[in-house]
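Chemist: Quick one: this structure, given as structure tokens, is what I'll be asking you about.
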Amino acid sequence: MGLAVPIRNPKGKVIAGLAVHAPEARLSLSRALENLPLLNEAAGELANYFAEDLEGLQAMTQGDNDVPRQDDKEGYENDLA
Numbered sequence: 009m010g011l012a013v014p015i016r017n018p019k020g021k022v023i024a025g026l027a028v029h030a031p032e033a034r035l036s037l038s039r040a041l042e043n044l045p046l047l048n049e050a051a052g053e054l055a056n057y058f059a060e061d062l063e064g065l066q067a068m069t070q071g072d073n074d075v076p077r078q079d080d081k082e083g084y085e086n087d088l089a
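The working numbering applies: residue 9 is where the sequence shown begins, and numbers increase by one.
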């Protein structure tokens, strides 16, 4: 049994998903649906967290090549300084 909700950016675009899953013996459909509001609330909190760093998030979702990667040691180390 699984249930998922979208995580959206401030423009409404889906940028991620939040899911819960378990064997039906442990999570029935009715029980999963009872927890849907909590899952949506958590997705909203994550959306707010991601929106705080909107510039960085846009770079990730648009594939901006100017964002240093961890394997780019020089750029990565400069970001840490």
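No residue lacks a Cβ here, since even glycine has one placed at the ideal position from N, Cα and C.
Helix, strand or coil for residue 115 per DSSP?
Modeler: The structure shown does not extend to residue 115, since the chain is modelled only from 9 through 89, so no value can be given for it.
Chemist: Considering only the alpha carbon of each residue, which of 35, 61, 26 lies closest to residue 49?
Modeler: Translated into positions along the sequence shown, residue 49 becomes position 41. For the residues 35, 61, 26, the minimum Cα distance to residue 49 belongs to 26.
Chemist: Which class does residue 31 belong to by DSSP, given the choice of helix, strand or coil?
Modeler: Here the question's residue 31 lines up with position 23 in the sequence shown. It is coil, neither helix nor strand.
Chemist: In whole angstroms, give me the CA-to-CA distance for residue 15 and residue 24.
Modeler: Along the sequence shown, one-based indexing puts residue 15 at 7. Along the sequence shown, one-based indexing puts residue 24 at 16. Spanning the two alpha carbons is a distance of roughly 5 Å.
Chemist: Where residue 34 and residue 20 are concerned, what is the direct C-alpha to C-alpha distance, given to the nearest angstrom?
Modeler: Stepping through the sequence shown from its first residue, residue 34 is reached at position 26. Stepping through the sequence shown from its first residue, residue 20 is reached at position 12. Looking at the two C-alpha atoms, the distance is approximately 33 Å.
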